[in-house]
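Sequences listed follow chains D, G and C, in order.
So the number in the working numbering is just where the residue sits in the first sequence, counting from 1, plus 656.
So the number in the working numbering is just where the residue sits in the second sequence, counting from 1, plus 656.
So the number in the working numbering is just where the residue sits in the third sequence, counting from 1, plus 656.
Right, one structure below, let's go through it.
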Amino acid sequence: MTEEVKAREEVKTAEKEKMTIVVFSGELDKTIAAFIIATTGASMGMEVTMFFTFWGLNILKKNEGAAGGKGLMGKMMNLLNRGGSKRLKLSKFHMFGMGTGMMKQFMKNNRLPSIEEFIVMAKEMGVAMIPCSTSCGIMGLDKDSFRSDVELMAGAAYFLNEARQSKVSLFI
Amino acid sequence: MTEEVKAREEVKTAEKEKMTIVVFSGELDKTIAAFIIATTGASMGMEVTMFFTFWGLNILKKNEGAAGGKGLMGKMMNLLNRGGSKRLKLSKFHMFGMGTGMMKQFMKNNRLPSIEEFIVMAKEMGVAMIPCSTSCGIMGLDKDSFRSDVELMAGAAYFLNEARQSKVSLFI
Amino acid sequence: MTEEVKAREEVKTAEKEKMTIVVFSGELDKTIAAFIIATTGASMGMEVTMFFTFWGLNILKKNEGAAGGKGLMGKMMNLLNRGGSKRLKLSKFHMFGMGTGMMKQFMKNNRLPSIEEFIVMAKEMGVAMIPCSTSCGIMGLDKDSFRSDVELMAGAAYFLNEARQSKVSLFI
């Protein structure tokens with residue numbers, strides 16, 4: 657763990673650095689990885705932007721209420737692809753919920769936050785969480801589909817401008 | 657959308673910057689994401705290289721004619737893994753073509769180009785689209801397997817030299 | 657191939673540059689891609705760190721002996737998710753082993769190392785291969801689960817400190 661402490665010290669002494677993460681996949685495991693990296697970066701003093709696109713938009717969808725979606729086709733698609741931070745599944749070994757349930761139990765045992773807690777925590781730490789407006793169109797979504805703490809929506813040009821200024825850019 | 661315009665302005669005033677994208681997955685959704693990022697970058701004045709590898713090679717395969725592939729095993733593999741910009745499938749909800757068809761309809765409704773149109777557009781904007789010669793060997797492919805507008809093929813060292821000079825490198 | 661040689665020359669004359677790769681997926685195809693990029697980078701004189709996390713931890717698990725895992729649930733999970741460099745599967749076309757076997761044959765025909773050989777080779781070339789301690793907890797693993805040539809384990813802060821100093825960072 658001294659390696660970890662050293663790493664944190666090195667970053668804190670550096671000037672404010674940026675990190676940009678594209679969250680493309682809405683799977684539970686990749687979402688955990690994205691939030692661990694994002695919140696660790698923020699705790700090290702980095703300025704972090706998470707850019708949610710395609711299936712990653714599911715993570716920021718409302719947990720309650722209607723499934724959302726524009727038009728009849730949008731509604732159909734979003735009924736199928738329900739979303740919400742509590743409904744994410746593993747990319748492997750989902751096994752009708754057994755594998756996903758086991759992973760959630762492991763997260764608890766290791767005192768790791770749930771995705772819902774990660775979102776709130778990231779928000780408090782100043783991580784910018786932005787739904788990609790371009791893929792909202794493709795996925796039949798609009799602003800009302802998302803949780804109320806989502807403010808800004810932006811497109812690919814906004815993402816690229818952040819990424820080109822970032823020390824670290826990842827596509828997850 | 658003013659955020660978008662601002663972002664574009666900031667990049668254009670900067671000197672010519674590079675972006676390198678590894679396109680590993682040949683799935684429709686990830687391919688759309690890769691081309692949106694690549695063409696947006698090019699429209700902002702960036703010098704973009706897309707490096708197609710493994711299943712991503714499917715995107716640049718010929719749409720017509722034989723499936724290609726070297727040797728008997730190569731031919732078998734490429735018959736199974738047919739490829740071509742018009743045959744890509746969603747990573748989820750393909751559902752025997754229904755989900756994939758729905759996504760293509762959404763792309764049309766949102767005036768988003770098809771993958772075929774994206775390839776032509778990217779080419780015109782000066783995006784370099786390069787099949788990875790190393791993975792061509794593994795996938796049993798040669799130059800004849802690809803569309804005629806593919807010129808250069810190159811290996812991992814070429815990619816890394818581009819990536820190390822790039823402001824943004826993504827593995828999609 | 658002259659392009660390749662030129663690329664290698666350009667990097668060698670540059671000062672020592674870093675590359676950091678997150679290996680999240682434990683699938684055979686993505687693992688091959690990660691090791692081709694890592695060993696090519698090392699052969700070009702780059703200082704390469706591979707950070708294994710989630711399913712990527714499977715790659716560094718022991719090939720022989722017990723499946724490992726802490727506690728009853730950890731043991732159950734790791735029996736299911738056996739791991740070891742020789743047990744990786746393709747992300748597509750696994751087809752009960754037929755597709756995976758075909759890919760391994762293609763690797764041999766193209767004189768590409770197996771994953772087991774890649775690990776030994778990367779080690780000899782000085783590539784740092786580090787299991788992520790945070791995801792070890794989530795996956796129910798500890799140091800004993802890994803091959804004996806694994807030395808250091810580290811968390812997300814260590815990874816981020818490497819990544820922010822790197823010319824190229826990839827999430828595979």
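By construction, the Cβ of each residue, glycine as well, lies at the ideal position given by its N, Cα and C atoms.
All figures in this text were calculated on a predicted structure; none of them were measured in a lab.
For residue i, decide whether its Cβ has a neighbour in chain D, counting only Cβ atoms nearer than 8 Å.
i      : result
G/R738 : no
G/K672 : no
C/L716 : no
G/L816 : no
G/M759 : yes
C/T790 : yes
C/A690 : no
G/M700 : yes
Reducing DSSP to helix, strand and coil, say where residue i ends up.
i      : result
G/L816 : helix
D/L744 : coil
G/K672 : coil
C/I828 : coil
Should residue i go down as buried or exposed, given a rule of 16 or more other Cβ atoms within 10 Å for buried?
i      : result
D/K686 : buried
D/E683 : buried
C/E829 : This structure does not reach residue 829 of chain C, given that chain C is present from 657 up to 828, and the question cannot be answered.
G/M781 : exposed
G/K760 : buried
C/S681 : buried
C/R767 : exposed
G/V679 : buried
D/S804 : exposed
D/G712 : buried
G/V824 : buried
C/G796 : buried
G/K717 : buried
D/G811 : buried
8 Å is my cut-off, CB to CB: does residue i come that close to chain G?
i      : result
C/A819 : no
D/F708 : no
C/G646 : This structure does not reach residue 646 of chain C, given that chain C is present from 657 up to 828, and the question cannot be answered.
D/G793 : yes
C/M785 : no
D/G811 : yes
C/L744 : no
C/D800 : no
Do we get a CB-CB distance below 8 Å when we pair residue i with the residues of chain C?
i      : result
D/A778 : no
D/K764 : no
D/F827 : yes
D/I775 : no
D/E772 : no
D/L808 : no
D/V829 : Look at the range of chain D in this structure, 657 to 828, and you will see that residue 829 of chain D is not part of it.
G/F680 : yes
Can you list, in chain order, the residues of its chain whose CB lies under 8 Å from that of residue i, leaving out five sequence neighbours each side?
i      : result
C/E836 : Because chain C is modelled from 657 through 828, residue 836 of chain C falls outside the range shown and cannot be assessed.
D/R600 : Outside the shown range of chain D, which is 657 to 828, sits residue 600 of chain D, and nothing can be said about it.
C/I794 : F710
Residues in the same chain with beta-carbon distance under 6 Å from residue i, minus the five sequence neighbours each way, listed in chain order, please.
i      : result
G/L826 : I677
G/M809 : P787, S789
D/F774 : F691
D/V704 : M675, A694, G697, A698, V783
G/F815 : F707
Got a sec? Which residues, its chain only, sit under 7 Å from residue i by beta carbon, not counting five neighbours each side?
i      : result
C/T756 : L684, K745, L746, H750
G/M777 : T695, P769
| task | Would you mind listing the alpha helix (DSSP H) stretches within the segment 782-810 of chain D that are 4+ residues and don't spill past its ends, in chain order? | result | 789-794
| request: Any chance you could list the beta strand (DSSP E) runs of at least 3 consecutive residues sitting entirely within the segment 697-723 of chain C, in chain order? | output: 703-708
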